[in-house]
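**Q** Chains as they are written, first to last, in the numbering used here: chain H, 1 to 356; chain C, 1001 to 1262; chain E, 2001 to 2364.
Dumping the structure here so I can ask a few things about it.
This is how it looks when you write it as structure tokens:
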């Protein structure tokens, strides 16, 4: 109980500062945002330049500005690395914002689409689509991934908010674990039935942004942008919601509407990124935490920073995966899984977080 | 006066932190011994030493002439019971089942429920007035009822000595008196009771042997009428007070002066 | 048995004059050496579970590539003069699988009961702390990376992987106090990390190898025969006998260390014994069949509700519940054509969700 109270006051502080009490703080945050944007650009250039075959940044830039299809390096940048980088940017932003939204929404600092079972739901419906309906293009996965993500979000939230105490972090996490396990089981059952499905899904099941074409961006990017906009729209209301439903009501927030908007946003972000890149663990949980060290708990800043820091992290993880092995590459989902596990353990061992 | 339960030169410590050094205490048989003292004076630690919860690093606790800590746990549990300060009632356990758990030291793999067990449990519930509750869930009881059930469990253990660790904490005044009267009845029926209490006036009223502790040592012990004096209370608690005779029981009654009346 | 029957008879009337009202009906056994109360409900539940196990076991022996109907299964089991081909299919191929299901279910359920009683928490079961993922990782490592494909090495891989992961999760989650929230989150973290290592291995090898490892890693008893059953059964019997005293001591320990000490139990020693036996039981199953998830979690909870008991620890009903769950799951797994662990994790996950829903709706 006491931790909740302390969170509330810091939340109020953040709101007050943001509303003009500390213009210096705002200036610093804007400066931080600019720095984050610059870092993202650098990460994007690194993602275009580094790989199996290194391409110097000048060539990268000319390939973008003055594309010459007779130059194999230009071809490589435009055909392979550009889609990959752009996909990394949208998926990274989607994952980070999705995590931040879920954490604010459930008042649970350790939530993300993976932990709450949302990814398991999306994976199940996609697997179903592949095995039973024979779909095999990521674009066709989208409606299924969205459906799975939506249903699981609703189920976990409904299950976690049963009873008088509402949706506590513990209850939501347990609900996520239970339903996530069940759906993972269903997925395994389908996958082990059929060799070709198993083969498709074992690769898809490890998140990756490589080997995608620009076509994929044409459907993924708009959906994710819509999701991001809805999320940003909810930021102020989420600040009020952090004070508790009752107080949010009395502050004039329409709690029911905000809930629906957040669930729609989470569904769009998680579902689309799973369809486009497969399940990528831990980005959603790590980035909002890192961001909050700089911004405090004001959701408007948390979301804004997450949009920039998420892609930066995902691109760097992807680059790391390309150069980690002497030959071949590690998929980004494996990199984030390996990086994320110790971070999560460290987070939960910190007293402040575990008290929540 | 015989004392089958006594501590000889015991030192009790948690890790490297010594709480009690070379303390001796003989608990008179058939007495209602109450230990008082300020917070952190070591009274609960001493009780834990008697209850086998804390093994003395030096010295021994004797029960009927044998080292308590080298007795078989079950054998010791048939002679010495404890009402712990905090116990956990498993979810969904009924009163009768909980009281029945007190019979554990008398049971074995083949005799899990004998007529003796049944009799002991029935009598323990009768003595504590919990018989009507017997098929109720412990979770559903009030604080006062629940504490009576735990007492019943300790009684069902049928031990000659019973240790009570702050048994009345968290109860309202009526339930406190209720419980103290129950202990007084047990004492009259021949059980040796050793209690740690916070309430000086309850201690003075019900104890037959009062032990006052401070800083891990015994400051005074004996009949409450002799032990409870204005000087002693001030020496033990740093609390100026007046001591009068309780008009109801004739035992000493401590009235703290507070800052204003000084 | 004859003594019991006589005393049961003599007790039906004595239930009435019982001086202590437990709020349920008992059968009393009261002889010179043996005296105990047996709740009528537990006996009925156990009997029903035995029926379920036998019927589901026989039914699951009809399922398979070679068509055998129910009557033929009965004939093969009980009539030595029936068709030898059918007898071979039923007795040598399918019977060991069903017996293994019984053994695995009983062992996992007992382990779950031990852990849940020890931690006073339904989530204190090996599934939550990453045993399954660890075992799967160990198997994958053995089969693919070290290319050690014999049964023994797979078993060792599963065992070491599971134990190591469980210990790691416990150690990481334990900072002074053990909060279940932290335990779960650390479990998720470590599982996800190991899971991505497993996936990495699976995508870097051929389809055949990957599928083989994934099948074994999902927990399967389909390919087991009498050769593996006998040693497993002996170990199980030994551990079971060793753990019998826990049936009485663990429920007392649930009341807290102080109360348990006062009642003549050494908490430290009891806890150590419980851990050793609990881990041994899970290890036994994991070594034999790979990770079969959620039985350890679900069986004690189901059994506790069926018997209306106040502890998850109750050897007979808990083991029978677990056995029934795995035998039924195995029959389903045979019908669908997946490893039994896949069925248990799906059904178990849903069951856990239902359990939580019931619990949340009731209070808090």
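We put the CB at the ideal spot given by N, CA and C, even for glycine.
Excluding the 5 residues preceding and the 5 following residue 303 (chain H) in the sequence, name in chain order all residues of the same chain whose CB lies nearer than 7 Å to its CB.
**A** Closer than 7 Å at Cβ, skipping near neighbours: 97, 100, 231, 232 and 235.
**Q** Counting only runs of 3+ residues fully inside the segment 1036–1065 of chain C, write out the beta strand (DSSP E) ranges in chain order.
**A** Counting whole runs of 3 or more residues, the segment 1036–1065 of chain C contains the beta strand (DSSP E) stretches 1058–1063.
**Q** Going by other Cβ atoms of all chains shown within 10 Å of its Cβ, with 16 needed for buried, is residue 2009 (chain E) buried or exposed?
**A** Low local confidence applies: a pLDDT of 41 at residue 2009 (chain E) is under 50, so the model's placement there is unreliable, with the coordinate-based value given in what follows. Exposed: under 16 other Cβ atoms inside 10 Å.
**Q** Considering residue 1222 (chain C), what are the terminal residues of the beta strand (DSSP E) in which it resides?
**A** Its beta strand (DSSP E) spans residues 1217–1222.
**Q** To the nearest angstrom, how far is it from the Cα of residue 2226 (chain E) to the Cα of residue 2096 (chain E)?
**A** Roughly 6 Å between the two C-alpha positions.
**Q** Identify the contact partners of residue 2311 (chain E) in chain C, using a Cβ-Cβ distance below 7 Å as the criterion.
**A** Simply 1090.
**Q** Hey, does residue 2218 (chain E) have any beta-carbon neighbour from chain H nearer than 7 Å?
**A** Judged by the 7 Å Cβ criterion, residue 2218 (chain E) is in contact with chain H.
**Q** For residue 36 (chain H), I'd like the list of residues in its chain whose CB is within less than 8 Å of its CB, leaving aside the five on either flank, ordered along the chain.
**A** Cβ neighbours of residue 36 (chain H) beyond the five flanking positions: 305, 308, 309 and 312.
**Q** Is residue 1210 (chain C) helix, strand or coil by DSSP?
**A** Residue 1210 (chain C) falls in the strand class under three-state DSSP.
**Q** Contact between the segment 2229–2236 of chain E and the segment 2345–2364 of chain E is defined here as three or more beta-carbon pairs at a separation below 8 Å; is this criterion met?
**A** In short, these stretches do not touch, since the Cβ pair count stays below three.
**Q** Do we get a CB-CB distance below 7 Å when we pair residue 2093 (chain E) with the residues of chain H?
**A** No, because no Cβ of chain H sits closer than 7 Å to the Cβ of residue 2093 (chain E).
**Q** Name the one or two DSSP bridge partners that residue 1081 (chain C) has.
**A** According to DSSP, which records beta bridges pairwise, residue 1081 (chain C) is partnered with C:1162.
**Q** Strictly by DSSP, which residues pair up with residue 1335 (chain C)?
**A** This structure cannot settle anything about residue 1335 (chain C), because the visible part of chain C is limited to 1001 through 1262.
**Q** Does residue 192 (chain H) have its Cβ less than 7 Å from a Cβ in chain E?
**A** Yes, its Cβ sits closer than 7 Å to a Cβ of chain E.
**Q** To the nearest angstrom, how far is the alpha carbon of residue 1056 (chain C) from that of residue 1225 (chain C)?
**A** Roughly 31 Å separates the two Cα atoms.
**Q** Between residue 1202 (chain C) and the rest of its own chain, which residues show a CB-CB distance below 6 Å, the 5 nearest in sequence each way excluded?
**A** So the list reads 1180, once near-sequence residues are dropped.
**Q** Who are the Cβ neighbours of residue 2130 (chain E) in its own chain at under 6 Å, not counting the five residues just before and after it?
**A** Answer for residue 2130 (chain E): 2165, 2169, 2187, 2190 and 2191, listed in chain order.
**Q** Could you tell me which chain E residues have their CB closer than 8 Å to the CB of residue 1082 (chain C), listed as they occur along the chain?
**A** Those within 8 Å of residue 1082 (chain C) in chain E are 2258, 2259, 2261 and 2262.
**Q** With DSSP as the reference, label residue 3 (chain H) as helix, strand or coil.
**A** Low per-residue confidence applies at residue 3 (chain H): pLDDT is 34, beneath 50, and the placement is therefore not dependable, though the value from the model is reported in the following sentence. Three-state result, residue 3 (chain H): helix.
**Q** Would you mind giving the Cβ-Cβ distance between residue 1159 (chain C) and residue 1078 (chain C), rounded to the nearest angstrom? I have them listed as a contact below 8 Å.
**A** Sure, about 7 Å apart at Cβ, within 8 Å.
**Q** Looking only at DSSP bridge pairs, what is residue 1192 (chain C) linked to?
**A** C:1161, per the DSSP bridge assignment.
**Q** With a threshold of 7 Å between beta-carbons, can residue 2303 (chain E) be considered close to chain C, or not?
**A** Residue 2303 (chain E) does not count as touching chain C.
**Q** Hey, is residue 1015 (chain C)'s beta-carbon within less than 7 Å of any beta-carbon in chain E?
**A** No, its Cβ sits nowhere closer than 7 Å to a Cβ of chain E.
**Q** Which of the three DSSP states, helix, strand or coil, is assigned to residue 253 (chain H)?
**A** Residue 253 (chain H): coil per DSSP, three-state reduction.
**Q** What is the DSSP secondary structure of residue 1006 (chain C), reduced to helix, strand or coil?
**A** Strand.
**Q** By the DSSP assignment, the beta strand (DSSP E) with residue 1021 (chain C) in it spans what residues?
**A** Unbroken beta strand (DSSP E) run through residue 1021 (chain C): 1017–1027.
**Q** Would you tell me roughly how many angstroms separate the C-alpha atoms of residue 1113 (chain C) and residue 2134 (chain E), rounded to the nearest one?
**A** When rounded, the distance between both Cα atoms is 43 Å.
**Q** At a CB-CB cut-off below 9 Å, which residues of chain A make contact with residue 2182 (chain E)?
**A** Absent here is chain A; the protein component of the structure consists of chains H, C and E.
**Q** Can you pull the chain H residues whose beta carbon is under 8 Å from the beta carbon of residue 2215 (chain E), in chain order?
**A** Here the neighbours are 192.
**Q** Does residue 2199 (chain E) get closer than 7 Å to chain H when you measure Cβ to Cβ?
**A** Yes, contact with chain H.
**Q** Let me know the secondary structure DSSP gives residue 115 (chain H) once reduced to three states.
**A** Coil at residue 115 (chain H), not helix or strand.
**Q** Which stretch, first to last residue, makes up the alpha helix (DSSP H) that contains residue 40 (chain H)?
**A** Residue 40 (chain H) -> alpha helix (DSSP H) spans 23–49.
**Q** Which residue comes first and which comes last in the beta strand (DSSP E) that contains residue 2027 (chain E)?
**A** Note, residue 2027 (chain E): beta strand (DSSP E), 2026–2030.
**Q** Could you check whether residue 2194 (chain E) and residue 2137 (chain E) sit closer than 7 Å to each other, using their CB atoms as the reference points?
**A** Yes, the Cβ-Cβ distance between residue 2137 (chain E) and residue 2194 (chain E) is below 7 Å.
**Q** Let me check one thing: in DSSP terms, what residues is residue 1229 (chain C) bridge-paired to?
**A** Looking at the DSSP assignment, residue 1229 (chain C) forms no beta bridge with any residue, so it has no partner.
**Q** Write down the C-beta distance between residue 271 (chain H) and residue 175 (chain H) rounded to the nearest angstrom, noting that I regard them as a contact closer than 8 Å.
**A** Contact flag wrong, Cβ pair sits at about 19 Å.
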